[in-house]
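Residue numbers (my numbering): 50 to 192.
C-beta atoms are modelled at their ideal positions from N, C-alpha and C, and glycine is treated no differently.
Scroll down for the structure; my scribbles are underneath it.
If you want it as structure tokens, here you go:
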């Protein structure tokens with residue numbers, strides 16, 4: 050990290066200014082910092098979500114989650130058990146709020162005619178973008 054002289058030393062010939070002039074410039078450190086910044090900028094271009102799931106994985110997780118809280122399952126001791134939504138979400142390892150959001154997005158996409166077979170191996174953001182585009186189209190038609 051390159052230190053700068055304090056603002057109070059305006060003159061270039063002051064003793065404090067000389068200390069900063071003698072700092073060693075490390076080009077490797079600067080290159081690493083610039084590369085890190087470029088990587089973060091590239092990551093922002095595509096998606097803000099870090100570990101976004103595939104549509105097919107989301108549908109599988111939703112199926113398991115809904116089965117657990119609506120139908121239930123047979124436990125190891127041969128007893129039938131139904132789970133509440135939060136317990137079922139823990140079993141699927143996805144937060145309940147996220148699962149509910151996925152359900153809402155999928156229902157909206159189904160109503161608008163989204164082609165799930167064509168995009169099953171893409172990230173879930175495709176559905177979010179589709180729903181946003183449909184909402185914009187609907188609002189433009191109303192005007």
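> So who's on the other strand from residue 172, going by DSSP bridges?
Replying inline: 103
>> In the DSSP output, which residue or residues are listed as bridge partners for residue 123?
In response: 129
> For residue 152, which of helix, strand or coil comes out of DSSP?
Replying inline: helix
>> For residue 151, count the other beta carbons within 10 Å of its own beta carbon; 16 or more makes it buried, fewer makes it exposed. Which is it?
In response: buried
>> Quick check on the burial criterion: 16 or more other C-beta atoms within 10 angstroms. Buried or exposed for residue 146?
In response: exposed
>> If contacts are defined as beta-carbon pairs under 8 Å, then residue 121 and residue 130 qualify, I think. What distance do you get, rounded to the angstrom?
In response: 5 Å
> Do you know offhand how far residue 127's Cα is from residue 187's?
Replying inline: 51 Å
> Expressed to the nearest angstrom, what Euclidean distance is found between the alpha-carbon atoms of residue 164 and residue 179?
Replying inline: 10 Å
> Straight-line CA distance for residue 107 to residue 181?
Replying inline: 19 Å
>> Can you find the residues in the same chain that come closer than 7 Å, C-beta to C-beta, to residue 101, ignoring five residues on each side of it along the sequence?
In response: 172, 173 and 174
> Which same chain residues, not among the five before or five after residue 104, have their C-beta less than 8 Å away from its C-beta?
Replying inline: 165, 168, 169, 170, 171, 172, 173, 175 and 176
>> Taking a contact to mean a Cβ-Cβ separation below 8 Å, would you say residue 161 touches residue 183 in this structure?
In response: yes
> Among residues of its own chain, excluding the 5 on either side of residue 124, which ones have a beta-carbon nearer than 7 Å to its beta-carbon?
Replying inline: 130
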